[in-house]
Amino acid sequence: MLGQQLNLQELANTPWDVVVIGGGITGAGIFLESARRGLKVLLLEQQDFSWGTSSRSSKMVHGGLRYIAQGDIPLTHHSLKERERLLKELPDLVVRMSYFFPIRKGQFPGRLSMQMVMIAYDALASIKDHEWLDANAVKTLFPALNGKQLKGALRYTDALTDDSRLVIRVLQEGCLEGGMARNYSKVSQITQSEDGSLQLTVTNTRHSETKPAETKPASVCISAKHVFNATGLWADQLSGTAPRIRPQRGSHLFIAKDRLAVESCLTLLHPDDKRYVFVYPWKGETCIGTTDLDHRFDLNEEAFCTEQEVDYLLKLVNHEFPDVNLTRQDIHSTMAGVRPIIASGAGRDPSKERRTHLVWQSNGIISVSGGKLTTFRQIALDALATAHIIDPATHKALLKGKSGRCFNHVLETPKTLDQPLAGIASGAELEQQVRWILQHEMVQHLDDLMLRRLRAGNLLADAGASILPQLKPLCQQVLHWDDQQWQHEVTRYLKICKRYYQPQVAAAQEFIAPQAIPGFNA
Ligand SMILES: Cc1cc2nc3c(=O)[nH]c(=O)nc-3n(C[C@H](O)[C@H](O)[C@H](O)COP(=O)(O)OP(=O)(O)OC[C@H]3O[C@@H](n4cnc5c(N)ncnc54)[C@H](O)[C@@H]3O)c2cc1C
């Protein structure tokens, strides 16, 4: 289990078959698929698990209507097959959800073309679950929705998850198969020996952050037969090849349910640019997203949602729900993620860049980036095939899904762990959840617990400050934090929330020149 703590020196003394760099969904998938093949595998993450893009997605396990509309059939097909697999195997974590696409008079795409898309979408998933609802039925489901020119809506099906908890679940499965994972451990250099083995310099970033007095963090050198660079946005820094990643930011707003409640997901067209934007229920809140922009900020800083993005998303909501009159005061929190898009080099509109993944290699390092949360298993299998860990016939059979389950272990997690937080944000259930998380999920900082394990930073008003007194004795007991460390952690956590989880006015000096972004030539 992840709760098992490893010291860096022990890692250095072990000859590893596989080292995976990056603790997002891509790295977690490679970690699991390597571990289940009996390999000695270690995963290293520079911050917390899922700290990168994998805790900041739209949380949809989906084929993506717009990808099929763009003609990306293989991506949609694989995604839908994986969606169906995850729905069956992780029913508490991946939940089927109805999506509604409203159709108005004169709108393009209209009912007929969307109906064709949905027939194809269902066929690729081997299900039949879409229907037409007239305007009255739509107004019954979404009373606040603008009724002007409304003809009706097409209902189809996709799924929602908690992306960060999905990463933890995949990592737990990999650990139960014999793998080892460690967060707050940064790989700064990789070299290849004459015998082909690889040496990695790993720095412990835990102590330098929690105990400011210890200024020099410890580094060790570890050795492995195979190294997978699954660092997403940061892949260019370790790949040893020319840059390929075009960072594209997408931001979300979290709104209290009593200001805007939806029971299902709405797929809406933004009035300005006709991009798809979703309004959907997530763990007791309403989530609105996303935007899609070239990300020109320093990649070493967490991404944040800018004021302009807030305006763009509020404009959509107030256009579609005119009587709700949503304002900035209604925003509980924001969440910005940055996609590691494989640049086409064609200077395309960000929304038109393809979302497929790429595996490439140089000097023994196998890099993998791009893709989707939903397709993590396929990405992992492609990476393992490139490393010749699985042969082409096995690879093909596994992709077709002829290999049994992806998740075979049962985790005795508290029953309420994957339920909306607001409903249990006090009392014994919260205490039971937190104790389990602290014991089994390698929490190093308060922000690991609040932002990525519980999601309280996004889901509760004031970043969940009201539950902190309840958490203090638990953190002190299980993590052995004294009063000084608790105070240090609270200060750090609230600073992160204020800076990165609230709308921000971007300072000019934070921008990177556009020519530094691969594929960007506008
Ligand atoms: C706004 C938005 C919405 C999205 N919505 C969806 C969706 O609804 N459904 C879907 O399927 N997909 C979605 N995606 C795509 C999906 O989130 C990403 O494809 C996926 O999370 C990428 O995962 P990753 O593991 O490759 O990268 P990451 O999650 O970023 O993981 C890479 C990790 O590597 C670590 N790292 C970097 N350098 C080092 C180093 N030197 N040493 C150690 N560790 C290092 C980083 O800290 C990071 O945690 C969305 C993406 C965005 C941005």
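Under this note's numbering, think of the first position of the sequence shown as 819, with each following residue one higher. Glycine is no exception: its CB is placed at the ideal position from the N, C-alpha and C atoms.
Is it true that the CB of T1234 sits closer than 9 angstroms to the CB of D890?
-> It is not a contact, given that the beta carbons lie outside the stated cut-off.
Could you tell me the distance, in whole angstroms, from the CA atom of A1201 to the CA atom of I1183?
-> Taking the straight line from one Cα to the other gives about 11 angstroms.
Status (buried if at least 16 other CB within 10 Å, exposed otherwise) for H1206 | The residue is exposed, with fewer than 16 neighbouring Cβ atoms inside 10 Å.
Starting from M998, follow the beta strand (DSSP E) in both directions and report where the run begins and ends.
-> Looking at the DSSP string, the run of the beta strand (DSSP E) that includes M998 is M998 to R1000.
Reference W1343, options A1079, H1088 and T1085, closest by Cα = Nothing about residue 1343 can be read from this structure; the chain reaches only from 819 to 1340.
If we ignore side chains and look at the alpha-carbon of each, how far apart do D1209 and V859 end up?
-> Those two C-alpha atoms are separated by around 19 angstroms.
What are the uninterrupted segments assigned as alpha helix (DSSP H) that are 4 or more residues long and contained completely in the region 889 to 919, given in chain order?
-> Within the region 889 to 919, the complete alpha helix (DSSP H) runs of at least 4 residues are 891 to 907.
When L1086, G1058, K1170 and H1150 are compared against L1111, the one with the closest alpha-carbon = Nearest option by C-alpha distance: K1170.
Could you tell me if the beta carbon of P1168 falls within a distance shorter than 8 angstroms of some heavy atom in ligand 1?
-> It does not: the Cβ of P1168 is nowhere closer than 8 angstroms to a heavy atom of ligand 1.
What's the call for L930, buried or exposed, on a 16-neighbour Cβ count within 10 Å?
-> Answer is exposed; the Cβ neighbour count stays below 16.
With DSSP collapsed to three states, give me the class of Y1098.
-> In this structure, Y1098 counts as strand in the three-state DSSP scheme.
Can you tell which of L1199, A887, T832 and Q1302 has the C-alpha that lies nearest to the C-alpha of Y1094?
-> For the set L1199, A887, T832 and Q1302, the Cα lying nearest the Cα of Y1094 is the one of A887.
Measure the alpha-carbon distance for S897 versus Y885 and round it to whole angstroms.
-> Answer to the nearest angstrom: the Cα atoms are 10 angstroms apart.
Reference L1131; option with closest CA among K1043, M1153 and N1226 = The shortest Cα separation from L1131 among K1043, M1153 and N1226 belongs to M1153.
According to the neighbour-count rule (16 or more other Cβ atoms, all chains shown, within 10 Å of its Cβ), is G1163 buried or exposed?
-> By the neighbour-count criterion, in which a residue is buried when 16 or more other Cβ atoms sit within 10 angstroms of its Cβ, G1163 is exposed.
Identify the continuous alpha helix (DSSP H) that holds N1276 and give its terminal residues.
-> If you look at N1276, you'll find it in the alpha helix (DSSP H) that goes A1274 to L1277.
Contact set for G821: own chain, Cβ-Cβ below 6 angstroms, skip 5 residues either direction = Answer for G821: Q1257 and H1258, listed in chain order.
Report the rounded CA-to-CA distance for F926 versus E900, giving the unit in angstroms.
-> Their backbone Cα atoms lie some 30 angstroms apart in a straight line.
Nearest to T1309 (by Cα), restricted to the options A1281, F1194, Q1295 and V1296 | Out of A1281, F1194, Q1295 and V1296, A1281 has the C-alpha closest to the C-alpha of T1309.
Among C1123, A1121, G1102 and N1136, the one whose alpha carbon lies nearest that of P1089 | A check of alpha carbon separations from P1089 across C1123, A1121, G1102 and N1136 identifies N1136 as the nearest.
How many Å lie between T832 and Q1007 at the Cα?
-> T832 and Q1007 have their C-alpha atoms roughly 18 angstroms apart.
Run the CB neighbour count on S1180, radius 10 Å, all protein chains shown included, and call it buried at 16 or more, exposed below.
-> When all chains shown are included, S1180 counts as exposed.
Counterpart residues of G970 in DSSP-defined beta bridges = Beta-bridge analysis with DSSP links G970 to I921 and D952.
P1287 to G1050, Cα distance in whole Å?
-> The C-alpha of P1287 lies about 36 angstroms from the C-alpha of G1050.
In angstroms, rounded to a whole number, what distance separates the CA positions of N1226 and E907?
-> Put simply, the backbone Cα of N1226 is about 9 angstroms away from that of E907.
Test item: CB-CB of S876 and F1194 under 9 angstroms = No, Cβ-Cβ distance for S876 and F1194 is not below 9 angstroms.
Terminal residues of the continuous beta strand (DSSP E) containing V1296?
-> Per DSSP, V1296 lies in no beta strand (DSSP E); the unbroken alpha helix (DSSP H) holding it starts and ends at L1286 to L1297.
Apart from the five residues on each side of it in sequence, which residues of its chain come closer than 8 angstroms, Cβ to Cβ, to E902?
-> The beta carbon of E902 lies closer than 8 angstroms to those of A943, S944 and I945 in the same chain, with the five residues before and after it left out.
Straight-line gap, T1021 to A830 (C-alpha atoms, nearest Å) | Taking the straight line from one Cα to the other gives about 11 angstroms.
Excluding the five sequence neighbours on either side, which residues of its own chain have a C-beta within less than 8 angstroms of the C-beta of G1245, listed in chain order?
-> Here the set comprises nothing.
First through last residue of the alpha helix (DSSP H) which encompasses I1208 | Per DSSP, I1208 belongs to no alpha helix (DSSP H) and is neither H nor E.
Enumerate, from N- to C-terminal direction, the unbroken beta strand (DSSP E) stretches of 3 or more residues contained entirely within the region 1039 to 1085.
-> Within the region 1039 to 1085, the complete beta strand (DSSP E) segments at least 3 residues long are 1063 to 1074, listed from N- to C-terminus.
Taking 8 angstroms as the line, does the beta carbon of H880 fall inside it for any heavy atom of ligand 1?
-> A heavy atom of ligand 1 is found nearer than 8 angstroms to the CB of H880.
Assumed close pair A1074, E1103 - CB separation to whole angstroms, cut-off 8 angstroms | About 7 angstroms separates the two Cβ atoms, so the contact holds.
Nearest-angstrom beta carbon gap, R973 and L951 [assumed within contact, 8 angstroms] = For L951 against R973, the beta-carbon gap comes to about 6 angstroms, under 8 angstroms, which counts as contact.
Would you give the residue range spanned by the beta strand (DSSP E) that N1022 belongs to?
-> Counting along the chain, the beta strand (DSSP E) containing N1022 begins and ends at L1016 to N1022.
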